[in-house]
Amino acid sequence: MILSSNNITIKQHYVPQVYLRGFSPEYSRKKELRYPTEKYTIYCYKLGEKDQLKRAIPIKSICYEKDLYELQDDSGQFIIGNYFEHCFAELERMFGEYRRKLEAKAFIKDNLKIKCFLTKDEKVFWTTYIVLQILRSPQVIQNVEDECRTTWKNELSDMQIRNLARQVSLPFSKEIDENTKEAYLFQTFWCPMRNMSLGVGVDLERRIITSDKTVFIYSGVDEFPCEEYERVIFPISAEICLFMFGREDKKIYDKNFLFQIDENNREEIVKSISSSAFEKIYSNHLFNEEETRYINEVEKDRQEDVKSHAVL
Numbered sequence: 171m172i173l174s175s176n177n178i179t180i181k182q183h184y185v186p187q188v189y190l191r192g193f194s195p196e197y198s199r200k201k202e203l204r205y206p207t208e209k210y211t212i213y214c215y216k217l218g219e220k221d222q223l224k225r226a227i228p229i230k231s232i233c234y235e236k237d238l239y240e241l242q243d244d245s246g247q248f249i250i251g252n253y254f255e256h257c258f259a260e261l262e263r264m265f266g267e268y269r270r271k272l273e274a275k276a277f278i279k280d281n282l283k284i285k286c287f288l289t290k291d292e293k294v295f296w297t298t299y300i301v302l303q304i305l306r307s308p309q310v311i312q313n314v315e316d317e318c319r320t321t322w323k324n325e326l327s328d329m330q331i332r333n334l335a336r337q338v339s340l341p342f343s344k345e346i347d348e349n350t351k352e353a354y355l356f357q358t359f360w361c362p363m364r365n366m367s368l369g370v371g372v373d374l375e376r377r378i379i380t381s382d383k384t385v386f387i388y389s390g391v392d393e394f395p396c397e398e399y400e401r402v403i404f405p406i407s408a409e410i411c412l413f414m415f416g417r418e419d420k421k422i423y424d425k426n427f428l429f430q431i432d433e434n435n436r437e438e439i440v441k442s443i444s445s446s447a448f449e450k451i452y453s454n455h456l457f458n459e460e461e462t463r464y465i466n467e468v469e470k471d472r473q474e475d476v477k478s479h480a481v482l
């Protein structure tokens, strides 16, 4: 089925707006206090400029690319328009549902004593969501496209290669057999997480940040894919952050637990998310002195990495 461009969502967000709303100053856990979706804003800090915009900007205006997920024929006409957008809409509905589940129990003090805080269903959802959030990013899709072009440059047109990269990266087109390229790519990111310990951190000060990448992964080794990550950090809102612990850290932390975030945790989140961000970090507040210092330290390291690669 070929559709005209009039039927397509042109601005396609790779960081969902429902996700970003959790980091907005307008966001509230209480349903009756929630704003209309179009009124949510967020504070933006562009790495490299050492300055945070003093005014919050509309969430709908960030983290999107034009026609990012659309399949097209060689003439540029859209094929099955908005197919992936509809798939993501369902995924984002589930994200909102599971975030509300966490919010309903993460702020109950007695739950800090629970040995298995997340249910099996929640663990499966959050690990799966993390992988899908990684796979939908423009950078990953572009990397897959580059690999496809290297492999099939003499057999497929540029548009066919573009389409193939999206079909491989976004595993929604068909039922996935374990031997398919789609399954291999998904498992490359998912398998290292399957046996990691989980900690759900709650920040009563509501100062958790996120970025245009959203997920921080540290493998601790040079090879990729790896058997297990050492650390994964995934902010879920300004109040809740998922930590995953692997390798030696599994001996230190409980298997599945709830904890309150302190300044050391907050420093780790800010530095980790800032170091992995592509260009921008986002928050529900203007950064204080400590946060600014953490970000400046990370920016210095990022600049030194760029210089070292330039020399090499």
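Sequential numbering from 171 applies to the sequence shown in this note's numbering.
By construction, the Cβ of each residue, glycine as well, lies at the ideal position given by its N, Cα and C atoms.
Every value quoted in this text rests on a predicted model; they were computed, and no experiment measured them.
> Tell me which same chain residues have a C-beta within less than 7 Å of the C-beta of D244, skipping the five on either side of it?
Replying inline: Walking along the sequence shown from the start, residue 244 turns up at place 74. The residues S327, M329, in chain order, have a CB closer than 7 Å to that of D244 in the same chain once the five nearest residues on each side in sequence are set aside.
>> With a threshold of 7 Å on Cβ separation, who are the neighbours of I284 within its own chain once the five nearest residues in sequence on each side are excluded?
In response: The residue given as residue 284 occupies position 114 in the sequence shown. When the five nearest sequence neighbours on each side are left out, the beta carbons in the same chain lying within less than 7 Å of the beta carbon of I284 are those of L428, in order along the chain.
> Can you name, in chain order, every residue of its own chain whose Cβ lies under 7 Å from the Cβ of F228, other than the five neighbours on each side?
Replying inline: For the purposes of this step, residue 228 is identified with residue 58 of the sequence shown, where counting begins at 1. Strictly speaking, residue 228 in this sequence is Pro, with Phe absent from that position. Closer than 7 Å at the Cβ level, and outside the excluded window around P228, lie T211.
>> So, with DSSP's three-state summary, where would you put D237?
In response: Taking the first residue of the sequence shown as 1, we reach residue 237 at position 67. The answer is coil: DSSP assigns D237 none of H, G, I, E or B.
> Using a Cβ-Cβ distance under 8 Å, would Y388 count as near chain C?
Replying inline: In the structure shown, chain C does not exist; there is a single protein chain.
>> Measuring straight from C-alpha to C-alpha, what distance separates S367 and Q247?
In response: Against the sequence shown, residue 367 aligns to sequence position 197. Against the sequence shown, residue 247 aligns to sequence position 77. Taking the Cα positions, S367 is about 46 Å away from Q247.
> For P186, is the classification buried or exposed, using 16 other Cβ atoms within 10 angstroms of its Cβ as the cut-off for buried?
Replying inline: Here the question's residue 186 lines up with position 16 in the sequence shown. It counts as buried.
>> Check this for me: beta carbons of V338 and K323, under 8 Å apart or not?
In response: Residue mapping note: residue 338 aligns to position 168 of the sequence shown, counting from 1. Residue mapping note: residue 323 aligns to position 153 of the sequence shown, counting from 1. Not closer than 8 Å, so no.
> Span of the beta strand (DSSP E) holding R401?
Replying inline: Residue mapping note: residue 401 aligns to position 231 of the sequence shown, counting from 1. Taken as a continuous stretch (DSSP letters only), the beta strand (DSSP E) holding R401 covers 401-405.
> Does the beta-carbon of P405 have 16 or more other beta-carbons within 10 angstroms, so that it is buried, or is it exposed?
Replying inline: Taking the sequence shown and counting its residues from 1, the one referred to as residue 405 is at position 235. It is buried - the Cβ of P405 has at least 16 other Cβ atoms within 10 Å.
>> Would K450 and C286 be called neighbours here (beta carbons separated by less than 8 Å)?
In response: As a working mapping, residue 450 is identified with position 280 in the sequence shown. As a working mapping, residue 286 is identified with position 116 in the sequence shown. Contact flag unset, no.
> F258 by DSSP, collapsed to three states: which one?
Replying inline: As a working note, residue 258 is residue 88 in the sequence shown. Three-state DSSP puts F258 in a helix.
> Pick from L217, N252, A408, R463: whose alpha carbon is nearest that of E196?
Replying inline: Mapped onto the sequence shown, residue 196 falls at position 26. E196 has its Cα closest to that of A408, out of L217, N252, A408, R463.
> If you draw a straight line from the C-alpha of R472 to the C-alpha of L217, how long is it?
Replying inline: The sequence position of residue 472 within the sequence shown is 302, counting from 1. The sequence position of residue 217 within the sequence shown is 47, counting from 1. Using only the alpha carbons, I get a separation of about 10 Å.
> Whose C-alpha, out of Y354, D392, R306, is nearest the C-alpha of D382?
Replying inline: Taking the first residue of the sequence shown as position 1, residue 382 is located at position 212. The candidate whose alpha carbon is nearest that of D382 is R306.
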